[in-house]
Each structure stands twice: as structure tokens, then as C-alpha cells.
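Below: one structure, written as C-alpha cells.
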Amino acid sequence: MDLARGGQCILVSCGADGLELVEATAAALAFTRQLQAGAPLGNAVDESGLDLAELPRVLGMLFSGGLVTAVTGPSLESDPK
Numbered sequence: 000m001d002l003a004r005g006g007q008c009i010l011v012s013c014g015a016d017g018l019e020l021v022e023a024t025a026a027a028l029a030f031t032r033q034l035q036a037g038a039p040l041g042n043a044v045d046e047s048g049l050d051l052a053e054l055p056r057v058l059g060m061l062f063s064g065g066l067v068t069a070v071t072g073p074s075l076e077s078d079p080k
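The sequence shown begins at 0 in numbering that gives the first Met the number 0 and counts up by one.
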């Protein structure tokens, strides 16, 4: 962190070697907050303004930092016949 740069967004996680700090864009932080609030992936991208080109890096950062605790999908209703 560099105080001369002004405000910075930092994601904090507990890694194997202790506390880990990773610099993130404001959109990446907003995206992470949307996911924490339970928003679906697409909605989190839309609401945060995250550039789709940044999505793989941000998801990789969240998974590798152990910040993803569950992945769920919509339940499918059985086809009534």
C-alpha cells in the first residue's frame, strides 16, 4: 500500500502463510461485495460495472484467496409429463 497514491481498494484474506492483502479495482471490490450479498454472478457484474475482461482475474483471485465458500446454481424443476 502506498499512501502517496491516495485511496486504494484492498481485498483481505487469510492464506496459508497468514494475512494476505491484494490490491483490487473499485469495480472488483464492488463485484465482491455484490457476491457477498448473495447476488447472482451476472447481476454482480452488471451492478458493479466490472469489465468482463477483468472477470477471470477477479474470480481467480477470489478462489485462490479462499474467499469463495460456496457455488450454487438455480434448482431445476422436473418436467411434468
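Note that the Cβ used here is the ideal one computed from N, Cα and C, for glycine as well.
None of the values given here were measured: they were computed from a predicted structure.
Using three-state DSSP, classify residue i as helix, strand or coil.
| i | result |
| --- | --- |
| Ser74 | coil |
| Leu49 | coil |
| Thr31 | helix |
Based on DSSP bridge pairs, tell me the residues matched to residue i.
| i | result |
| --- | --- |
| Val21 | Leu10 |
For residue i, I'd like the list of residues in its chain whose CB is within less than 7 Å of its CB, leaving aside the five on either flank, ordered along the chain.
| i | result |
| --- | --- |
| Leu54 | Val44 |
In angstroms, rounded to a whole number, what distance separates the CA positions of residue i and residue j?
| i | j | result |
| --- | --- | --- |
| Leu40 | Gly6 | 26 Å |
| Ser74 | Arg4 | 45 Å |
| Gly38 | Val70 | Just to set this straight, residue 38 is Ala in the shown sequence, not Gly. One C-alpha to the other measures close to 12 Å. |
Looking only at its chain, what residues have a beta carbon closer than 8 Å to the beta carbon of residue i, apart from the 5 residues adjacent to it on each side?
| i | result |
| --- | --- |
| Gly65 | Ser12, Cys13, Gly14 |
Whose C-beta lies closer than 6 Å to the C-beta of residue i among residues of the same chain, with five residues either side of it excluded?
| i | result |
| --- | --- |
| Cys8 | Ala23, Ala25, Leu28 |
Query - Cβ contact check for the segment 10-18 and the segment 38-54: 3 or more pairs under 8 Å - result: no
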